[in-house]
Each structure stands twice: as structure tokens, then as C-alpha cells.
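Colleague: Numbering (full-length UniProt numbering), first residue to last: 1 to 184. Glycine included, each C-beta is placed from N, C-alpha and C at the ideal position. For reference, the structure I am asking about is given below.
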């Protein structure tokens, strides 16, 4: 995946007038928070931000270059105008790479279950999985391959193979998907 770089400069001014002024210059106000809870007021290029925001997931690390200093960060949130679809403000979370983060992923499904091809029905149970890992080890998404599931079989949280670097916090016995027999 492409590594996104967003250039930022620190700002000392705030308020509606200032925000309107920098938006007219093609920039948007932003705030970056670090792991210590400190915050930094920034201004960023609206086009750079928009390109990154539309192409990433909530677990994608970007490079936030503040006054020339590179920082790894997540884009935590954005406020945008629904009429113009333009970003009005952004929040970043700067990470050191040493602290583990907890994220909840919406489970994606890949493949068509063998049992469905034989007339069964796929029943989705738990829609999300909670994991903990270092920022650089977080996957873009988590997918359940259901292609080998036959009628009567199930896929649980324990069936995910996420590797050693990712700790699963969800109940391992929780049912993700099952294949029900066809209705008679």
C-alpha cells in the first residue's frame, strides 16, 4: 500500500475566522495528539489530506511531517461539509510504535461457502473482532475465508490466523458465521 505523507505546520491562532482564512488558502486546521496526551494545533494541505483520507483504513499509518519532522500517525477523525464533501478539520494520533493499540475490525468475508453452493444459507453472527497490536503490526482489514465451509459447519473467532504479533481480545468461542441447511 502507498505510504501517505501529509505535511503540516504548527499554528498558534484558532477560531472560526482563522479557520475560514486558511481554508480559503487550500489548507485545513488540524490537531495532533501524542501518546502522552499532549496536543498540537496544525494546518495541513487540504488536497494532501483528502487524497490520504479517501484511500486508507482506520489502521493505516501515515507520515505526518510537522515542520519537517516525520511522525507516524493515524488519522483519527475528520469533520467535513456534507454539501461540498470537503474536509473542514482533522485529528491525528501520533504513535511511537512502542505502545500496543486496541482496534475493533468489522469482519470481511471472502469466498463463497461450499455449503451455500449446495443450497445452504450463510448465517452471520458476530460482525466484529477486537484485537491488540503495535501500530505497525495492525492489518488493513481482517477477513474470514468461508469458501471451505459445508452445511452444518461454523467459523469462530479462534479460526482466524492472525499471527503472533496480534492478540485477539474477542471471545475465541464466539461464532462468526455458520452454514445452515436449506429450508424444506
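In whole angstroms, give me the CA-to-CA distance for residue 117 and residue 159.
Modeller: As a working mapping, residue 117 is identified with position 117 in the chain shown. As a working mapping, residue 159 is identified with position 159 in the chain shown. If you take the alpha carbons of residue 117 and residue 159, they lie about 22 angstroms apart.
Colleague: Please report the straight-line C-alpha distance between residue 135 and residue 129, rounded to a whole angstrom.
Modeller: For the purposes of this step, residue 135 is taken as residue 135 along the chain shown, with counting starting at 1. For the purposes of this step, residue 129 is taken as residue 129 along the chain shown, with counting starting at 1. When rounded, the distance between both Cα atoms is 17 angstroms.
Colleague: Taking 8 angstroms as the threshold (C-beta atoms), are residue 157 and residue 126 in contact?
Modeller: On the chain shown, position 126 is the one that residue 126 refers to. On the chain shown, position 157 is the one that residue 157 refers to. Yes.
Colleague: By Cβ distance, which residues of its chain are closer than 8 angstroms to residue 144, with the 5 residues on each side in sequence left out?
Modeller: To locate residue 144, count along the chain shown from 1; it is residue 144. 107, 108, 109, 110, 155, 159, 160, 176, 177, listed in sequence order.
Colleague: Spatial neighbours of residue 99 within its chain, please: CB distance less than 7 angstroms, with the 5 preceding and 5 following residues excluded, ordered by chain position.
Modeller: Numbered from its first residue, the chain shown carries residue 99 at position 99. For residue 99, where only same-chain residues beyond five positions count, the Cβ hits under 7 angstroms are 35.
Colleague: Would you call the CB atoms of residue 114 and residue 149 closer than 8 angstroms?
Modeller: Residue numbering aside, residue 114 sits at position 114 when the chain shown is read from its first letter. Residue numbering aside, residue 149 sits at position 149 when the chain shown is read from its first letter. Yes, these two residues count as a Cβ contact at 8 angstroms.
Colleague: Enumerate in chain order the residues of its own chain whose CB-to-CB distance from residue 83 is below 7 angstroms, with the five nearest sequence positions on each side excluded.
Modeller: As a working note, residue 83 is residue 83 in the chain shown. So the list is empty, once near-sequence residues are dropped.
Colleague: What first and last residue would you give for the beta strand (DSSP E) that runs through residue 71?
Modeller: Within the chain shown, residue 71 is the residue found at index 71, counting from 1. First-last of the beta strand (DSSP E) with residue 71: 69-81.
Colleague: Can you tell me whether residue 120 is buried or exposed, with buried defined as 16 or more other CB within 10 angstroms of its CB?
Modeller: One-based indexing of the chain shown puts residue 120 at position 120. Buried: at least 16 other Cβ atoms inside 10 Å.
Colleague: Contact defined as beta carbons within less than 8 angstroms: I believe residue 47 pairs with residue 26. What is the distance between those atoms, to the nearest angstrom?
Modeller: Your numbering for residue 47 matches position 47 in the chain shown. Your numbering for residue 26 matches position 26 in the chain shown. Residue 47 to residue 26, Cβ: 7 angstroms. Contact.
Colleague: Am I right that residue 169 and residue 102 are in contact with their C-beta atoms under 8 angstroms? What's the rounded C-beta distance?
Modeller: The sequence position of residue 169 within the chain shown is 169, counting from 1. The sequence position of residue 102 within the chain shown is 102, counting from 1. About 7 angstroms; that satisfies the 8 angstroms criterion.
Colleague: Mind checking which residues open and close the alpha helix (DSSP H) that includes residue 165?
Modeller: For the purposes of this step, residue 165 is identified with residue 165 of the chain shown, where counting begins at 1. Premise fails: residue 165 is in no alpha helix (DSSP H) and is neither H nor E.
Colleague: Only counting the same chain, and skipping five residues up and downstream in sequence, which positions put a Cβ closer than 7 angstroms to that of residue 80?
Modeller: Walking along the chain shown from the start, residue 80 turns up at place 80. Within the same chain, residue 80 has close Cβ partners 86, 87, 88.
Colleague: Determine the direct distance from the alpha carbon of residue 56 to that of residue 24, and round the result to whole angstroms.
Modeller: Translated into positions along the chain shown, residue 24 becomes position 24. Translated into positions along the chain shown, residue 56 becomes position 56. If you take the alpha carbons of residue 24 and residue 56, they lie about 26 angstroms apart.
Colleague: Can you grab the Cα-Cα spacing for the pair residue 210 / residue 153, in whole Å?
Modeller: Because the chain spans 1 through 184 in this model, residue 210 falls outside it and cannot be assessed.
Colleague: Suppose contacts are defined by Cβ-Cβ distances below 8 angstroms. Is residue 74 in contact with residue 6 by that definition?
Modeller: Translated into positions along the chain shown, residue 74 becomes position 74. Translated into positions along the chain shown, residue 6 becomes position 6. No; because the gap between Cβ atoms is not below 8 angstroms, this pair is not in contact.
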